[in-house]
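These notes are about the structure you will find just below.
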Amino acid sequence: MPPPVAAASERSDLAIKFKKKGAQKSSSTGADHWKTVLIADLEKELKAEHRRYTAMQANRAQQSQIIRYAITGDISSVISVMYQRVKAVGNKGKLTEEDEQFISCALMVVLRNIERVLQSEDGLNSSETLSTFFSFANLWDHMRIFSDDMKICSVLLYDRFDHWSQLRAPDDSSEEIDQILTLMENRLRNL
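All residue numbers for the sequence shown refer to my numbering, where the first residue is 1436 and numbers rise by one.
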């Protein structure tokens, strides 16, 4: 007795199922798989390069801001840019070499400005110098991670601010300045 013949609709269903199974085997075997893997790897590499480039451009932008503010003598803006960088370092939880160099350089810019102030009688009691001191004290409170260069710059800045507080005429803020300097000194001793 001959085997039963499948109906035409059943035969077409079997052919479609066979073609689908065959198509799945050929697409996953290697012709397209290496392309997919390569594209995924290149995509990861491109994203990593984009992140690196974006970070480099942000670093350059902050460096140019520091230079511009240093040339114009706008030290409160230098401290503001430093504050942004210190905040970013705090969020990352680590200090990169670029961060260390940037913050150390900016601290030296502030130090240079304070030394200029100490050479002039007018600058000692100016509201701008007082504002610079309080801005730096606020920044100092937010600095949590220190490299050796940053410690050295901070000690030099503390020394200059202490010298400034002794030379300036006493006023209502003198006691607060002395308290802040005492806190700075204690913290520097613990670093």
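Ideal placement from N, C-alpha and C gives every residue a C-beta, glycine not left out.
| query | result |
| --- | --- |
| Buried versus exposed call for Y1488 [16 or more other C-beta atoms within 10 Å across all chains shown] | exposed |
| Check whether N1560 and G1508 have beta carbons under 8 Å apart | no |
| Per-residue DSSP class, three states only, for L1565 | helix |
| Same chain, Cβ closer than 6 Å to Y1504, neighbours up to 5 away in sequence not counted | S1512, V1513 |
| Three-state secondary structure (DSSP) of R1622 | helix |
| Collapsed DSSP secondary structure at N1560 in the structure displayed | coil |
| Span separating the alpha-carbon of A1475 from that of W1575 | 44 Å |
| Within 8 Å, strictly: CB atoms of Q1500 and V1516 | yes |
| CB contact flag (L1626, F1596, <8 Å) | no |
| Contact belief for F1537 with Q1601 at Cβ below 8 Å, rounded distance in angstroms | Going by Cβ atoms, the distance from F1537 to Q1601 rounds to 31 Å, so no, they are not a contact pair. |
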